[in-house]
Structures are given as structure tokens and as C-alpha cells.
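Top line first, the protein sequences correspond to chains W and A.
Per the numbering used here, the very first residue in the first sequence carries number 1; after that it's consecutive.
Per the numbering used here, the very first residue in the second sequence carries number 1; after that it's consecutive.
Inspection log for the structure reproduced underneath, given as C-alpha cells.
2 protein chains.
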Amino acid sequence: MTGMDEDRQDKDGAAFAPLATGRLHHAVAQRLGTQIAGGVLPVGHVFAAEVDHAESLGVSRSVLREAFRILTAKGLVSSRPKAGTRVNERRKWSMLDPDVLAWQIQSEPSDAFLRDLFELRMMVEPQAAEMAAQRRSDEQLADMANALDAMERYTLATEKGRAADQRFHGLLMEAAQNELLYGLSSSIMSAIAWTTAAKQRVQEAPRDPMPEHRALYREIEARNPRQAQKAMRVLIELALADMEVALRR
Amino acid sequence: MTGMDEDRQDKDGAAFAPLATGRLHHAVAQRLGTQIAGGVLPVGHVFAAEVDHAESLGVSRSVLREAFRILTAKGLVSSRPKAGTRVNERRKWSMLDPDVLAWQIQSEPSDAFLRDLFELRMMVEPQAAEMAAQRRSDEQLADMANALDAMERYTLATEKGRAADQRFHGLLMEAAQNELLYGLSSSIMSAIAWTTAAKQRVQEAPRDPMPEHRALYREIEARNPRQAQKAMRVLIELALADMEVALRR
DNA sequence: GTCAATAAAATTATACGATATATGATCCGG
DNA sequence: CCGGATCATATATCGTATAATTTTATTGAC
Chain W
1 MTGMDEDRQD
11 KDGAAFAPLA
21 TGRLHHAVAQ
31 RLGTQIAGGV
41 LPVGHVFAAE
51 VDHAESLGVS
61 RSVLREAFRI
71 LTAKGLVSSR
81 PKAGTRVNER
91 RKWSMLDPDV
101 LAWQIQSEPS
111 DAFLRDLFEL
121 RMMVEPQAAE
131 MAAQRRSDEQ
141 LADMANALDA
151 MERYTLATEK
161 GRAADQRFHG
171 LLMEAAQNEL
181 LYGLSSSIMS
191 AIAWTTAAKQ
201 RVQEAPRDPM
211 PEHRALYREI
221 EARNPRQAQK
231 AMRVLIELAL
241 ADMEVALRR
Chain A
1 MTGMDEDRQD
11 KDGAAFAPLA
21 TGRLHHAVAQ
31 RLGTQIAGGV
41 LPVGHVFAAE
51 VDHAESLGVS
61 RSVLREAFRI
71 LTAKGLVSSR
81 PKAGTRVNER
91 RKWSMLDPDV
101 LAWQIQSEPS
111 DAFLRDLFEL
121 RMMVEPQAAE
131 MAAQRRSDEQ
141 LADMANALDA
151 MERYTLATEK
161 GRAADQRFHG
171 LLMEAAQNEL
181 LYGLSSSIMS
191 AIAWTTAAKQ
201 RVQEAPRDPM
211 PEHRALYREI
221 EARNPRQAQK
231 AMRVLIELAL
241 ADMEVALRR
């Protein structure tokens with residue numbers, strides 16, 4: 001590369017996170033996206049002109065522009081000649097995009113956001129469990145059992161345990177046989193994964209999540225839609241309670 | 001611009017849609033996104049190297065790259081040095097992204113997709129109506145009434161009428177007081193708008209959609225959650241029936 | 001012959017500079 | 001005070017050069 005100093009820093013000399021790994025445009029998009037979703041860059045904020053902004057970030061204009069395209073694709077910003085690039089109103093944000101969800105959760109999510117999130121889960125996932133109980137294949141059931149075993153063996157304190165938890169929920173959504181539902185739920189789950197890790201760090205003795213998971217599994221195994229729905233409802237309520245303890249401790 | 005022929009065409013001389021209006025990177029993203037969502041470019045497809053691909057599209061490499069960043073942000077493709085840019089498996093697509101939804105609907109949507117879509121609507125929107133009936137403000141109610149009046153006055157055969165229909169549903173979701181729900185429903189509605197226009201073109205005497213809309217409105221006005229939920233259910237069922245008639249005529 | 005380390009090649013990733021285009025702002029005449 | 005022409009400015013697009021990364025091929029040792 002031509003004239004790029006290895007530790008990117010702005011004109012004032014304030015160095016920022018390395019952005020070392022991965023693609024630069026992705027890192028910049030993530031950086032700006034987090035600031036937008038977290039309210040550091042408020043709605044209506046107009047960014048500096050691309051040339052200046054790129055220089056202050058220590059990246060090329062191409063990289064900044066590609067980052068803006070990513071944010072535009074997620075509805076966070078919009079650009080127009082002469083007017084510049086500005087942060088869109090929340091109404092235009094792709095709220096269900098996995099990144100937009102994750103960026104919001106990372107930055108001290110508001111009570112309203114968490115309320116909305118769990119309200120949506122409560123609207124969708126019990127019905128999804130109902131459908132999974134009706135439509136699941138034996139193979140999916142076996143995979144779910146394996147995921148639960150792994151989850152119990154490694155616990156949510158480990159990365160592998162949390163991965164197993166997500167795999168279980170993913171399999172459940174897959175069993176519901178609805179691609180859109182799967183997309184919705186995987187967005188939500190990947191966002192929630194952030195908080196699950198946080199819960200483990202904060203709580204000294206986190207509640208054992210296995211009972212409600214096993215209960216849900218049994219109803220799906222028994223092809224009992226009504227009870228599967230109720231079991232999922234219980235599971236989400238417990239997850240919400242855990243999160244409230246973890247966040248407002 | 002330096003050396004750009006006005007009618008973009010590939011090396012074989014096969015001219016394609018002007019892409020005249022709007023931003024070029026957006027047009028290219030839309031073009032490729034439609035082809036991906038429509039299955040013309042199948043999962044696993046590897047695009048030509050950027051330099052060649054850009055030339056064959058008649059755009060600069062920057063434009064093509066920015067288009068790829070948009071598609072990447074929506075999960076449709078992923079790029080790696082040496083390996084190239086390829087179409088992701090459907091599991092990775094952001095199925096609830098408004099564009100991804102619209103691109104799928106534009107290209108002869110599969111029965112499975114429409115089934116999934118209306119199944120999701122049926123899962124979410126009745127509950128949303130229930131919440132709207134509980135939480136709506138008088139002002140929102142008045143706006144909804146205005147939207148319905150406009151919808152009746154202009155009918156769904158006109159652009160203004162369809163806009164009023166979308167406004168009504170948007171207001172309803174807004175009244176439900178859940179930003180995530182609003183995002184979900186506006187994605188779905190904007191995608192469905194495409195088919196609403198198509199229905200009007202195809203059916204010589206489309207069914208009058210006002211009765212079920214008025215019925216839904218009355219229940220929200222009366223703050224009757226249970227009945228609002230049922231009314232929404234009826235509305236969606238009718239919309240589904242209309243669509244089936246329009247598509248499989 | 002197999003496998004691991006190494007070298008090579010191809011493609012994206014990044015940087016930089018120049019020009020075109022669109023749009024908001026300004027100025028001016030009525 | 002308003003409408004239209006003009007201007008200024010930021011994005012949009014183009015083009016080229018170089019760096020970094022990853023796959024693939026090659027080589028060498030055992």
C-alpha cells in the first residue's frame with residue numbers, strides 16, 4: 001500500500017481501535033454503525049465530506065464509501081450530492097438486520113428496545129415452536145437432542161455451549177419449515193448471543209437453563225404443538241428475567 | 001465522465017435496461033440482486049473477476065464493488081481474495097430485508113415463498129392488530145381513518161390508493177408501539193406492494209378491499225383487541241386468496 | 001507415495017487522483 | 001416576496017497502481 005501508517009489515527013493524533021483484522025470497509029462500517037445505533041452519532045447527523053472524513057479516519061475514500069454503501073443497505077444513512085451523508089431517522093433503519101440488532105444491543109440497549117425485542121420473540125417464537133412440533137423430522141429431532149447435550153456438557157459459560165444453544169434454536173426454526181421465520185429468528189438469536197455472554201460475565205451463579213430447554217424438547221419430540229408453544233413461552237420469560245437481572249443489577 | 005458509452009452494454013453487444021435513473025451502484029446492486037433472488041444466478045455461482053465483470057457490465061470497477069458491498073450487507077454474496085465473489089446459500093440471505101423480499105417477489109415467487117410470507121404475516125400481524133387496539137392514540141386513529149378514506153376514494157388501481165393502503169398498515173404498526181414489529185411489517189408491506197399493483201393489472205374486476213379494512217378499523221377504534229385480531233386474520237386471508245387468483249390465473 | 005513446507009499465481013482490498021453530475025444555496029429580476 | 005438562472009460543493013463515477021490474502025501448484029523430505 002502506498003502511504004498508509006500502520007496505526008490508523010485521526011488528524012488530532014487520537015488513535016483508535018486497530019481495525020487490524022478483517023476487511024477495512026467492514027471494520028469502518030461496523031465502527032460507524034455501532035456509533036449510529038448507539039446514539040453517539042444522532043439521527044440527522046451529517047458526516048464530514050468524504051475526502052476529509054476518510055482522512056480523519058485514516059482510510060482511503062474508497063473504503064469509506066464502501067462502508068457507507070453497507071450502512072445505506074441497512075437503512076442507517078443516506079447520501080446525496082451536495083447535501084452529504086446523514087444518519088437516517090430510526091423509521092428507515094432495517095431493524096431486523098442482524099448487524100443493526102447487534103450494534104444496538106452492544107451499546108447499552110434502551111429499556112424500550114429490549115421490551116420490543118422480547119415482545120417480538122414472544123409473538124413469534126411460541127408459534128414457531130408450535131409449527132416445529134408439527135413439522136419436525138426425526139433427523140432434526142436427533143440434531144436438537146445432540147445440541148442440548150452439548151449445551152449441557154459445556155454450559156453457557158463457554159463459547160461451545162453458547163454455540164450449541166444457538167444451534168438448538170436454529171434447528172427448531174429450521175424444523176418450523178419457514179425460511180422467513182428462520183431469518184427472523186436467526187437475526188434475533190445472533191443479537192441475543194451478545195447478551196448471553198454478558199450475562200455469564202455478570203452473574204456469579206447464573207440460573208441453569210437446561211430444564212426449560214429439555215421441557216421444550218420433550219414437547220417437540222412428542223409432536224405436541226400446544227404444549228410446545230407453552231414451553232417456549234416459559235423459556236422466553238425466563239430468558240427475559242435473566243436479562244433484566246444481568247442488565248439492571 | 002471519461003470514456004462511458006451512454007447505452008451500457010456488455011462485450012457481446014447485448015444491451016440491457018438503461019439503469020438511467022438514480023445511482024449506478026444501486027442500479028447494479030438491484031440488477032444483480034434480482035438475478036440472485038430470482039435464481040438466475042444460482043447459489044454457489046462465482047462471478048467473473050471484478051475487472052472483467054465491471055467491463056462486461058459497462059461500469060467502473062468502483063461501482064461494481066460498491067454494488068457488491070450492498071449485496072454483501074444483505075447476505076446475498078461474499079467475497080474473498082483469490083476465491084472471488086460468490087452467491088451465498090439461502091440460509092445466509094437477510095430474508096427480511098425489504099430489497100431481498102422485493103427482489104424475490106418480482107421474479108415469479110415460488111409457492112413456498114408465498115406460503116412462508118403469508119404464514120409469517122398470519123403469525124405477526126393479528127397480534128400486532130391486537131396491540132394496536134390496546135395502545136393506539138386518538139391521533140393515530142384519526143390518521144388511519146384518513147388513510148382509509150383516501151384508499152376508498154382513489155382505489156387500489158391508482159398509485160395514491162395503494163400508498164394510502166400502505167399508510168394505513170404503517171399507522172397500525174406504529175400504533176402497536178414496537179419498533180421491531182414496525183420494521184418487520186414495513187418490509188413485508190413494501191414487498192407486497194409489488195404484488196398489489198400486479199393484482200390490479202391482472203384482475204379485470206378486483207374484489208373491493210374496503211369492507212375488511214373498515215371492519216378492522218372499527219375494532220381498533222373500539223379498543224377491542226380480541227376482535228381486532230380476528231379482523232386482521234380475515235383481512236390477510238382475503239389478501240392471500242386475491243394473490244392466489246392473481247398469480248395462478 | 002504421502003505429507004508438509006514453500007513458492008507462485010490470481011483475485012480481492014486499498015489507495016490515490018481526476019472528472020462528471022446532481023443538488024442545495026445564492027443571487028437577481030420582477 | 002417569489003420564481004428562475006447561476007454558482008458552489010459534495011457525492012458519483014472513472015481509471016490506474018499497488019498491497020494483501022488465499023487458493024493452488026511445486027518442491028522436497030522421509
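Virtual Cβ for every residue (Gly too), placed ideally from N, Cα, C.
Just so you know, these numbers come straight off a predicted model, no measurement behind them.
Start-to-end residues for the beta strand (DSSP E) that takes in residue i
i: A:Gly161; result: Unbroken run through A:Gly161 is the alpha helix (DSSP H), 159 to 175; no beta strand (DSSP E).
i: W:Leu43; result: Leu is not the amino acid found at residue 43 of chain W; the sequence shown has Val there. That residue, W:Val43, is in no beta strand (DSSP E); it is neither H nor E in DSSP.
i: A:Gly84; result: 84 to 87
i: A:Ser186; result: Not the beta strand (DSSP E): A:Ser186 falls in the alpha helix (DSSP H), residues 179 to 202.
Presumed contact (8 Å Cβ cut-off) between residue i and residue j, rounded CB distance
i: W:Arg135; j: W:Gln177; result: 5 Å
i: W:Ala228; j: W:Glu237; result: Not quite, the Cβ-Cβ distance comes to about 15 Å (not below 8 Å), so this is no contact.
i: W:Ala147; j: W:Phe168; result: 4 Å
i: A:Asp116; j: W:Leu96; result: Contact flag wrong, Cβ pair sits at about 15 Å.
i: A:Leu216; j: A:Ala129; result: 7 Å
i: A:Ala150; j: A:Lys160; result: 7 Å
i: W:Leu156; j: W:Gln200; result: 6 Å
i: W:Val28; j: W:Val51; result: No, W:Val28 and W:Val51 are not in contact; Cβ-Cβ is about 15 Å, not under 8 Å.
i: W:Gln140; j: A:Met123; result: In fact, because the Cβ distance is near 20 Å, the residues do not count as touching under 8 Å.
i: A:Thr196; j: A:Arg162; result: 6 Å
Limits of the alpha helix (DSSP H) - the one that residue i falls within
i: A:Val59; result: Taken as a continuous stretch (DSSP letters only), A:Val59 belongs to no alpha helix (DSSP H), as it is neither H nor E.
i: A:Arg153; result: 138 to 154
i: W:Arg80; result: Premise fails: W:Arg80 lies in the beta strand (DSSP E), 77 to 80, not in any alpha helix (DSSP H).
i: W:Trp93; result: From DSSP, W:Trp93 is part of no alpha helix (DSSP H); its letter is neither H nor E.
i: A:Ala231; result: 225 to 247
i: A:Asp111; result: 111 to 135
i: A:Thr34; result: 24 to 37
i: W:Arg214; result: 210 to 221
Neighbour flag for residue i against chain A, beta carbons, 8 Å
i: W:Asn88; result: no
i: W:Arg233; result: no
i: W:Ala60; result: Note that residue 60 of chain W is Ser in the sequence shown here, rather than Ala. Chain A, which has no Cβ nearer than 8 Å to the Cβ of W:Ser60, makes this no.
i: W:Arg31; result: no
i: W:Ile105; result: no
i: W:Asp97; result: yes
i: W:Met173; result: no
i: W:His53; result: no
i: W:Ile192; result: no
i: W:His213; result: no
i: W:Gln127; result: yes
i: W:Gly183; result: yes
i: W:His169; result: no
i: W:Ser137; result: no
Length of the line joining the Cα atoms of residue i and residue j
i: W:Leu114; j: W:Ser56; result: 34 Å
i: W:Ser94; j: A:Ser187; result: 8 Å
i: A:Glu119; j: W:Ala241; result: 29 Å
i: W:Gly44; j: W:Ser78; result: 10 Å
i: W:Ile192; j: W:Ile105; result: 8 Å
i: A:Asn88; j: A:Arg153; result: 45 Å
i: A:Gln166; j: A:Glu244; result: 20 Å
i: W:Gln35; j: W:Leu64; result: 15 Å
i: A:Asp208; j: A:Leu247; result: 18 Å
i: A:Arg61; j: A:Val46; result: 17 Å
i: A:Thr85; j: A:His25; result: 16 Å
i: W:Leu235; j: W:Ala132; result: 15 Å
i: A:Pro98; j: A:Asp138; result: 30 Å
i: A:Arg90; j: A:Ala222; result: 43 Å
i: W:Arg80; j: W:Gln203; result: 47 Å
i: W:Ile70; j: W:Asn224; result: 43 Å
i: W:Leu76; j: W:Met173; result: 28 Å
Neighbour flag for residue i against chain W, beta carbons, 8 Å
i: A:Gln9; result: Residue placement at A:Gln9 cannot be trusted, given a pLDDT of 48 that sits under 50; what the coordinates show is reported in the next sentence. Not an interface residue.
i: A:Leu117; result: yes
i: A:Ala239; result: no
i: A:Ser110; result: no
i: A:Met144; result: no
i: A:Gln229; result: no
i: A:Ala73; result: yes
i: A:Leu57; result: no
i: A:Phe66; result: It should be noted that the sequence gives Glu, not Phe, for residue 66 of chain A. Yes, because at least one Cβ of chain W sits closer than 8 Å to the Cβ of A:Glu66.
i: A:Met123; result: yes
Spatially closest choice to residue i from the options, by CA coordinates
i: A:Leu101; options: W:Val100, W:Thr85, W:Leu184; result: W:Leu184
i: A:Gly39; options: A:Ser110, A:Trp194, A:Ala205, A:Asp52; result: A:Ser110
i: W:Pro211; options: W:Ala191, W:Pro225, W:Met232; result: W:Met232
i: A:Arg214; options: A:Ala145, A:Ala73, A:Ala164, A:Lys230; result: A:Ala145
i: A:Ser190; options: A:Trp103, A:Ala83, A:His53, A:Lys82; result: A:Trp103
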